[in-house]
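Using the UniProt record's numbering, the first residue of the sequence shown is number 1, and each one after it goes up by one. Every residue gets a Cβ at the ideal spot worked out from N, C-alpha and C, and that includes glycine. Quick caveat, the model's predicted, so the values are computed rather than measured.
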Amino acid sequence: MSVGSARVCVVDELVERVDDQDRVLGMLVSRRQAIQEGWLHRVAVTVCRDERGRILVHRRSEQVSRFPGLYEFGVGGAANVGESYEQAAARELTEELGIRALPRLLFTFINRSGLSPHWLGVHEAVVPDAVVLDPDEVAWHGWLTEPELRSALLEWRFTPDSNEAFSRYLAFRTTRS
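Here it is in structure tokens:
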């Protein structure tokens, strides 16, 4: 499968289908099938900030199944069966960064710019500067200020949904300031 110029291989995992109001439909499906059929399911992502307010940006490993070698400003993945957005976000932080944190859910929206439409729960967490990255998941990481990240989004190859998610994240923060 290909999205733009990005190679994509989809690994199978079970997810719950949800409707356009983000209500669980009680149907367990493989993520592969949800993507192929365009069925809504849940994905959680966390924007990780350090004590100085910088945002963790990482480049995905060449070995990951989705968007190998592309950059992301958030850490995340699909919510497993029975997981809340917050539980999925916390699990992904442990798996990818080796940290235990309680990310705060900021907002959700139907994301139509990724592999397939899905509900995206956007979280935020303050994390330590020193993270233990899973080399199978993350090839590189760095801490960027918001202006540096805006520039990087224009210059580097990010995952397809990064621009919209970052724009919504900044808008959310602006309305809460």
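Measuring alpha carbon to alpha carbon, tell me which residue in E148, F166, W119 is nearest Q21.
W119
Per the DSSP calculation, H141 is bridged to which residue(s)?
H58
Does the region 33-49 come within contact of the region 69-82, defined as at least 3 CB pairs closer than 8 Å?
yes
Select from F67, R17, P117, H58 the residue whose C-alpha is nearest the C-alpha of L93.
H58
Going by beta-carbon coordinates alone, are L149 and I55 separated by less than 8 Å?
yes
Measure the beta-carbon distance from V122 to V15 and round it to whole angstroms, keeping in mind my assumption that it falls under 8 Å.
About 18 Å separates the two Cβ atoms, so there is no contact after all.
Other residues of its chain near H141: CB distance less than 8 Å, five sequence neighbours each side excluded:
L56, V57, H58, R59, V131, L133
Measuring CB atoms only, is the region 156-174 touching the region 64-74, in the sense that at least three cross pairs come out at less than 8 Å?
yes
Under three-state DSSP, which class holds A130?
coil
For D50 and T108, what's the separation of their Cα atoms in angstroms?
23 Å
By Cβ distance, which residues of its chain are closer than 6 Å to A139, with the 5 residues on each side in sequence left out?
R59, S61
Output the distance between the C-alpha atoms of I99 and L106, rounded to the nearest integer angstrom.
20 Å
Where does E124 land, buried or exposed, given buried means 16+ other C-beta within 10 angstroms?
buried
Please list the terminal residues of the continuous beta strand (DSSP E) segment that includes T108.
104-111
With which residues is S30 paired in a DSSP beta bridge?
L14
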